[in-house]
Structure formats: structure tokens, C-alpha cells
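When you line the sequence shown up against the numbering used here, it's residues 8 to 191, in that order. Heads up: the structure comes next, in C-alpha cells.
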Amino acid sequence: MEIRRIESIIEAVLFASGDAVSAEKLSEITQTDINTLRSVVTGLADRYTYEKRGIKIIKVGDKYQMATRGEFSEYVRQIVEPRRRNPLSKATLEVLAIIAYKQPVTRVMIEKIRGVNCDNSVTRLLELGLIEETGKLDAPGRPSLFCTTDEFLRSFAIDSISELPPITEFIIEEPVQAMEEAVE
């Protein structure tokens, strides 16, 4: 199959899907090997960028998705009502950070780190699709294990969890010394 035809199929599938589609599925649909598929998608995405198109192809883990370029968001908002999201509370952001860095984790593990109940935060993150239950821990009571989702990756504009900054960047070894230095 010629490259132009493969590109057209990829565009049609990503456009119609609206969601991220795995590289494996696109490879299967286009009847090309995975390396060729990735190369074609990268070329297509680069062309969209070079031509300053209104859309782009983003990579979410090992999946691809069509999205509008940010610079056109004010125009898109005129036709598409923006999703109304209440910002996440500090507690919910803390729970999300724990899950992102320590996944898979149980509620008990999260509560052990935070020192307080996390039920409301976990429920909110599940509702928003930022986390999901990925299994059960082989322990008494079989507690649920939670991990982040592709929606989490999209929301934070990263391809994989490995792109999160090292947690050591957020740890202050000597809090009192750090506060004194900040005051000086």
C-alpha cells in the first residue's frame, strides 16, 4: 500500500474515533508493520506542524489522537461548549500525585502517605477519568489497585508517566533551613 493511502486511512480513523487509537490497532487497520506505521504517523504529524494546520496528532503512551492546536482554542470554543470542570482541590491533587508516582496503589497506601481519608478524592478522580481501578491486591479484603489513565496523560500533555519530573524535585530535605534561606 502506498504511503499516501496509509496516511489517509490514519487520518480517517483518528478523526472518526475522536479518542486515542493504539499503534497496534492502526498497524492492523492499515496492514503495515508497526515501525512503518509509527514512521508514517510521525511524518503526518510533522507535516501538520510544518503547514501550521488547525489540527495536530498527539501521542498518548503508545496511542495516537487528533486534537486541535491550542492557538485555535478561542475559535473552537465559539462552536463547542467547553467542558466545565471544577478545579481539583489541593487534597485531590495530592492523591493524584501519589497515584501517579506510586502506581498501582490502594486507598490504604494513599491514606498511609497522606495521613487522612482519601475516599472523596479517589471518587472524584474516578469520575473525571484521571484514574482507574486496574485490579485487586492479593491481600485480605482484596483492596482495589488504582493507576492513572490515558486521560491523565492527555490532561498533563505527556506521553508516559516516565515524563513526570523526578519526585526528588519536590522534596525539601531541610525544611527549616529552606525557609530561613527563603527569608534572607
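We treat Cβ as the ideally placed atom computed from N, Cα and C, and that holds for glycine.
{"query": "Which runs of the beta strand (DSSP E) at least 3 residues long sit entirely within the segment 71 to 158? Give them in chain order.", "result": "138 to 143, 151 to 155"}
{"query": "Which residue's Cα is closest to the Cα of V28: S46, Y57, D157, N127?", "result": "D157"}
{"query": "Which residue spans inside the segment 40 to 71 form an unbroken beta strand (DSSP E) run of at least 3?", "result": "62 to 67"}
{"query": "Enumerate in chain order the residues of its own chain whose CB-to-CB distance from P111 is below 6 Å, with the five nearest sequence positions on each side excluded.", "result": "T141, L152, C154"}
{"query": "With DSSP as the reference, please indicate the residues paired to S28 in a beta bridge.", "result": "Looking at the sequence shown, residue 28 is not Ser but Val. Looking at the DSSP assignment, V28 forms a beta bridge with Y71."}
{"query": "Which of the three DSSP states is assigned to I17 in this structure?", "result": "helix"}
{"query": "Taking the straight line between their C-alpha atoms, what separation do you get for E18 and R76?", "result": "16 Å"}
{"query": "Between the Cα of G61 and those of K70, V83, D69, spot the shortest distance and give me the residue it belongs to.", "result": "V83"}
{"query": "How many Å lie between E133 and R161 at the Cα?", "result": "Before going further, note that residue 133 is Leu rather than Glu in the sequence given. Answer to the nearest angstrom: the Cα atoms are 15 Å apart."}
{"query": "Under a Cβ-count criterion, where at least 16 other Cβ atoms within 10 Å of its own Cβ denotes burial, should K70 be classed as buried or exposed?", "result": "buried"}
{"query": "By DSSP, does L160 sit in helix, in strand, or in coil?", "result": "helix"}
{"query": "Hey, would you say A74 sits closer than 8 Å to I65, going by beta carbons?", "result": "yes"}
{"query": "Leaving out five residues before and five after I10 in sequence, what residues of the same chain have Cβ atoms less than 7 Å from its Cβ?", "result": "V47"}
{"query": "If distances are taken between C-alpha atoms only, which option among S34, R54, Q38 comes closest to R45?", "result": "S34"}
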